[in-house]
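Each protein sequence line maps, in turn, to chains A and B. All residue numbers for the first sequence refer to the numbering used here, where the first residue is 71 and numbers rise by one. All residue numbers for the second sequence refer to the numbering used here, where the first residue is 5 and numbers rise by one. In this text, a Cβ means the ideal position worked out from N, Cα and C, and glycines have one as well. This structure is a prediction, so every number in the text was calculated from the model and none was measured. Down below is the structure, laid out as structure tokens.
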Amino acid sequence: SQTIHQWPATLVQPVGSPLSLECTVEGTSNPNLYWYRQAAGRGLQLLFYSVGIGQISSEVPQNLSASRPQDRQFILSSKKLLLSDSGFYLCAWKGLVVTGELFFGEGSRLTVL
Amino acid sequence: AQSVTQPDIHITVSEGASLELRCNYSYGATPYLFWYVQSPGQGLQLLLKYFSGDTLVQGIKGFEAEFKRSQSSFNLRKPSVHWSDAAEYFCAVGVGNMLTFGGGTRLMVKP
């Protein structure tokens, strides 16, 4: 069966420090991969998605970047964190079926101080 | 572009009472529709989905949803709420590879 893992689960970082959140999927090949952010009291905002290795689409210009170095690995990064980067970050994958749903990881809570 | 509106930000119901969470979407054709649930500090879990066919869809945990094309709605229902149903619920519209989510409805359950 397919599984998705995110780490770290919780992160507290100072303003201006770098960020790396990692997401891996097991049990499937060539998934579509997504990064969403959930700020306090707000809905889900799509940040990036990827349909293949090295292929990244950005939905919202911001302080973050994403990379997909391997088929089932998706990384969210920042060179210098801002206070506004605080939030709950969710990775998700989707199979190739057009009508398929997204499957979400457990999330990573980032607090920027 | 598609959009999803969940008019109710918070809803409180008594345990054992019925529940209906509203969802309205905007899209030019019949979309793929989903309901997800999120417990605090957790990821999202799929409750149910609609692609085509029967407009009344059954999901996990005793939930169901009804697609009404004329009203552009996909409301979530449960006949009897349990305390463990307290969570945040998200409606989503799927178009191609993308899912667009509503703002969510936070459900609180009174004992």
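For the set S135/A, L116/A, F158/A, the Cα lying nearest the Cα of Q76/A is the one of F158/A.
For R81/B, the enclosing beta strand (DSSP E) has its first and last residue at 77-82. For S87/A, the secondary structure class from DSSP, reduced to helix, strand or coil, is coil. Between the segment 55-72 of chain B and the segment 171-179 of chain A there are fewer than three C-beta pairs closer than 8 Å, too few to call the two in contact. Under the three-state reduction of DSSP, R138/A is assigned to strand. Boundaries of the beta strand (DSSP E) around E70/B: 68-72. Using a Cβ-Cβ cut-off of 8 Å, L160/A counts as an interface residue toward chain B, since at least one Cβ of chain B sits closer than that to its own. Beta-bridge annotation (DSSP): W87/B is not paired with any residue. Collapsing the DSSP output to three states places L116/A in a strand. Non-local C-beta neighbours of Q140/A in its own chain, meaning closer than 8 Å and more than five positions away in sequence, comprise I123, ordered along the chain. Within chain B, N101 have C-beta atoms less than 9 Å from the C-beta of V121/A, given in sequence order. Only residues of its own chain outside the window of five on either side were considered, and among them Y106, E129 have a CB closer than 6 Å to the CB of L116/A, listed in chain order. Close to L37/B, with beta-carbon spacing below 8 Å, lies no residue of chain A; the smallest spacing is near 10 Å. Look at E171/A: its C-beta is under 8 Å from a C-beta on chain B. Just measuring C-alpha positions, the residue of M102/B, G20/B, S88/B sitting nearest L37/B is M102/B. Rounded to whole angstroms, the gap between the alpha carbons of S7/B and L52/B is 19 Å.
By the neighbour-count definition (other C-beta atoms within 10 Å, threshold 16), T34/B is an exposed residue.
Taking the Cβ atoms as the reference, G106/B lies roughly 19 Å from T16/B, outside the contact range of under 8 Å.
Residue E92/B holds the alpha-carbon nearest to the alpha-carbon of Q46/B among E92/B, S84/B, E70/B, E24/B.
Against Q46/B, the close residues of chain A are E176, G177, in the order they occur along the chain (beta-carbon pairs closer than 8 Å). Interface flag for L50/B against chain A is set, since a Cβ pair is found closer than 8 Å.
In the three-state DSSP reduction, K65/B falls in the helix class (H, G or I).
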